[in-house]
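Numbering (full-length UniProt numbering), first residue to last: 1 to 545. See below for the structure under consideration.
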Amino acid sequence: MLVEDISIPLIAQVYDWDRFCSDDFMGEAQIDLSKFRWFDTVECDLSLIDPNETADLGQITVNIVISPLTVEEKDVFLQKSYRGVLSEAQRKREKLVQVWKAVVNILLIEGRNIQFDFCNTTNPLDPYCKFKIGQEKYKSKICNRTSEPNWVEQFDMHIYDETIEELEIMCVDRKSNKTIGKTKIDLSRFERDETVQRWYDLDPIGSILLLITISGRQSTHTVVDLSEFTQNDVRNAIIAKYDIPRTLSDMKDVGFLSVKVFRADNLPSKDLGGKSDPFVVIELVNTRLQTHTEYKTLAPQWNKLFTFMVKDIHTCLDVTVYDEDPNNKFEFIGRVSIPLLAIRNGERRWYALKDRKLTQRVKGEILLEIDLIYNPIRAALRTFNPKEKKYFVKNPKFKAALFRATVMQLKEFVMEIISWKDYAQSCFNWHSTTRSITAFVVYIFAVCYMELYHVPLGLLFLLFRGYVYRRISDNLRIPPDSPRIDLKIHKSDANNKNVKKEAQNQSSLLETISSVQDTLTVVQTSLVFITALLDRIKKYAIYGS
Numbered sequence: 001m002l003v004e005d006i007s008i009p010l011i012a013q014v015y016d017w018d019r020f021c022s023d024d025f026m027g028e029a030q031i032d033l034s035k036f037r038w039f040d041t042v043e044c045d046l047s048l049i050d051p052n053e054t055a056d057l058g059q060i061t062v063n064i065v066i067s068p069l070t071v072e073e074k075d076v077f078l079q080k081s082y083r084g085v086l087s088e089a090q091r092k093r094e095k096l097v098q099v100w101k102a103v104v105n106i107l108l109i110e111g112r113n114i115q116f117d118f119c120n121t122t123n124p125l126d127p128y129c130k131f132k133i134g135q136e137k138y139k140s141k142i143c144n145r146t147s148e149p150n151w152v153e154q155f156d157m158h159i160y161d162e163t164i165e166e167l168e169i170m171c172v173d174r175k176s177n178k179t180i181g182k183t184k185i186d187l188s189r190f191e192r193d194e195t196v197q198r199w200y201d202l203d204p205i206g207s208i209l210l211l212i213t214i215s216g217r218q219s220t221h222t223v224v225d226l227s228e229f230t231q232n233d234v235r236n237a238i239i240a241k242y243d244i245p246r247t248l249s250d251m252k253d254v255g256f257l258s259v260k261v262f263r264a265d266n267l268p269s270k271d272l273g274g275k276s277d278p279f280v281v282i283e284l285v286n287t288r289l290q291t292h293t294e295y296k297t298l299a300p301q302w303n304k305l306f307t308f309m310v311k312d313i314h315t316c317l318d319v320t321v322y323d324e325d326p327n328n329k330f331e332f333i334g335r336v337s338i339p340l341l342a343i344r345n346g347e348r349r350w351y352a353l354k355d356r357k358l359t360q361r362v363k364g365e366i367l368l369e370i371d372l373i374y375n376p377i378r379a380a381l382r383t384f385n386p387k388e389k390k391y392f393v394k395n396p397k398f399k400a401a402l403f404r405a406t407v408m409q410l411k412e413f414v415m416e417i418i419s420w421k422d423y424a425q426s427c428f429n430w431h432s433t434t435r436s437i438t439a440f441v442v443y444i445f446a447v448c449y450m451e452l453y454h455v456p457l458g459l460l461f462l463l464f465r466g467y468v469y470r471r472i473s474d475n476l477r478i479p480p481d482s483p484r485i486d487l488k489i490h491k492s493d494a495n496n497k498n499v500k501k502e503a504q505n506q507s508s509l510l511e512t513i514s515s516v517q518d519t520l521t522v523v524q525t526s527l528v529f530i531t532a533l534l535d536r537i538k539k540y541a542i543y544g545s
């Protein structure tokens with residue numbers, strides 16, 4: 001601590017740190033530095049006092065040594081970062097301006113052979129993992145009574161100092177609080193904006209499966225200036241790589257996807273000051289990249305370029321905008337999901353943000369430019385293989401509205417089958433003479449003139465009809481060069497929908513109970529119908545034969 005005048009008493013204040021509220025004052029003590037000799041270390045017991053209280057507040061023990069500094073030593077000290085606490089305001093100011101250099105996205109999937117060397121297999125452990133980068137820590141959830149835990153947990157950690165890029169992992173048993181195994185991962189060897197999936201061995205036993213992605217760097221050598229970026233030569237090389245003559249070179253590498261994230265506009269405010277701290281997360285199945293955070297703005301500009309290796313052309317690109325909070329948490333703002341087959345290469349366009357379910361429009365839009373290059377033969381052959389498993393999927397929850405909609409949809413499907421059955425039965429029962437004669441003529445014509453090659457011809461007719469429908473719908477589509485005008489035109493409609501949604505959300509408890517009763521009634525009616533139908537089929541099979 002740098003002291004200008006030792007004749008001024010030094011005040012030491014003690015506080016009780018509170019995570020959610022303001023810190024509680026516990027007392028203070030004054031130290032007269034003029035009574036100390038230079039270069040001597042003195043241990044002092046200081047009694048705490050409070051001007052507003054007379055009770056005994058305890059005491060603190062400190063070691064004090066005073067050393068004089070020359071002008072040169074003082075300048076060197078001031079050039080360094082703050083080693084001591086100069087003042088409470090200065091400490092808070094230093095904490096506020098601390099910005100992370102990169103974000104590490106970690107997906108903890110599962111573990112194998114998570115047990116002690118001497119552990120009895122009949123008494124499994126309750127393992128969980130601890131992660132640490134610098135001073136930032138994270139604790140995973142606990143998997144009870146298993147040596148093959150399945151965590152499937154995704155979280156973000158931050159790199160504040162580029163000299164400390166080591167991820168420390170420790171697997172611990174909850175019951176005994178003993179360490180099962182641990183390992184260290186050097187993050188400086190990882191490629192930026194690239195997801196690495198790998199099993200990591202723990203010392204002395206066990207292994208865990210992790211997906212690690214480092215992105216969001218703010219340093220100038222990793223941010224691409226898109227205004228000066230030209231990728232004609234790069235794009236031509238990529239096109240040659242995925243050309244049809246090179247199909248057999250690497251069958252798993254289907255294509256190459258580049259996403260340019262320019263900016264967003266008209267975002268909602270999430271902070272008390274009427275601003276937000278937005279950043280963008282881009283996901284393609286298990287690959288997850290993100291931009292840096294733009295602070296205190298509703299119209300952020302990122303100007304970032306991301307690249308992905310496409311393994312399945314039938315997947316969707318998810319672009320999500322979040323608001324960063326001071327406690328390293330984030331709040332959802334909006335989301336866009338773009339099928340890869342619907343991408344228009346090289347087209348810069350605004351995308352309207354939607355809610356998590358992609359069913360309702362929310363405030364804000366984002367400007368993207370996407371380019372997809374792929375080998376069609378590899379993509380077609382990849383279609384016959386199972387889809388890539390997405391590790392991080394939220395567990396589905398029971399929702400009365402979804403359950404009711406599913407039951408009603410099933411009911412409509414069953415009723416449609418019944419209507420076709422009734423129509424065919426009416427032809428056999430001659431309820432309409434014209435209808436029965438027409439059905440009989442069609443049947444005779446099919447028996448006499450129907451050939452096997454007519455089936456593929458019918459499929460070709462359906463394919464041609466779909467092509468004509470696609471061309472007509474493209475001609476009727478609104479031009480993409482004015483999407484923002486379209487958003488402004490429909491802004492009033494979106495506001496009206498939001499008002500209606502808020503009115504619907506204010507339903508009373510009685511209405512909710514009534515809705516549940518109606519849903520159960522529909523389920524009961526459907527089950528009775530299915531039971532009766534199966535009973536009739538059973539009786540017909542017994543007595544009809």
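Think of the CB as a built atom: it goes at the ideal place given N, C-alpha and C, for glycine as much as any other residue. The structure presented is a predicted model; accordingly, all values stated were derived computationally and were not measured.
Distance check for Glu168 and Met408, CA to CA, integer angstroms please.
52 Å
Residue closest to Gly206, alpha-carbon to alpha-carbon, out of Tyr128, Tyr160 and Val259:
For Gly206, the closest C-alpha among the options Tyr128, Tyr160 and Val259 is that of Tyr128.
Using C-beta distances below 6 Å, list every residue in its chain close to Ala29, excluding the 5 sequence neighbours before and after it, in chain order.
Ala12, Leu46 and Leu48
Distance between Pro124 and Asn144 (C-alpha atoms, nearest Å):
Rounded to whole angstroms, Asn144 to Pro124 spans 8 Å at the Cα level.
Which class does Ile133 belong to by DSSP, given the choice of helix, strand or coil?
Ile133: strand per DSSP, three-state reduction.
Span of the beta strand (DSSP E) around Arg263
Note, Arg263: beta strand (DSSP E), Gly255 to Asp265.
Have a look at Leu381, Tyr295 and Ile66 and flag the residue whose alpha-carbon is nearest the alpha-carbon of Ser7.
Ile66
One or two residues paired with Asp201 in a DSSP bridge:
Ser207
Measure the alpha-carbon distance for Leu460 versus Cys448 and round it to whole angstroms.
22 Å
How far does the alpha helix (DSSP H) with Pro376 in it reach, from first residue to last?
Pro376 to Arg382
Contact check, Ala342 vs Ala299 under 8 Å by CB: the rounded distance?
Not confirmed; about 27 Å, so no contact.
Which stretch, first to last residue, makes up the alpha helix (DSSP H) that contains Ala29?
Run containing Ala29: none in the alpha helix (DSSP H); it sits in the beta strand (DSSP E), Asp24 to Ile31.
Opposing strand residues paired with Pro278 [DSSP bridges]
Asp323
Thinking just about the alpha-carbon of each residue, which of Phe116, Phe464 and Leu367 is nearest to the one in Asp126?
Phe116
Inspect the beta-carbon positions of Val261 and Leu108 and report whether they are closer than 8 Å.
In this structure, Val261 lies away from Leu108, with their beta-carbon atoms at least 8 Å apart.
Residues bridged to His158 (per DSSP):
Val103
Pop quiz: Asn286 and Thr195 are said to be a contact at Cβ under 8 Å. What is the actual Cβ separation, rounded to whole angstroms?
Sure, about 6 Å apart at Cβ, within 8 Å.
Should the segment 49 to 69 be regarded as contacting the segment 25 to 39, the criterion being three or more beta carbon pairs within less than 8 Å?
Touching, yes, given that three or more Cβ pairs across the two stretches are closer than 8 Å.
What does the alpha-carbon distance come out to for the pair Leu2 and Lys74?
8 Å
Helix or strand or just coil, what does DSSP make of Arg37?
Coil.
According to DSSP, is Thr183 part of a helix, a strand, or is it coil?
strand
Quick one: is Glu94 buried, meaning 16 or more other Cβ sit within 10 Å of its Cβ, or exposed?
The pLDDT assigned to Glu94 is 42, lower than 50, so where the model puts this residue is not dependable, and the model offers no usable value.
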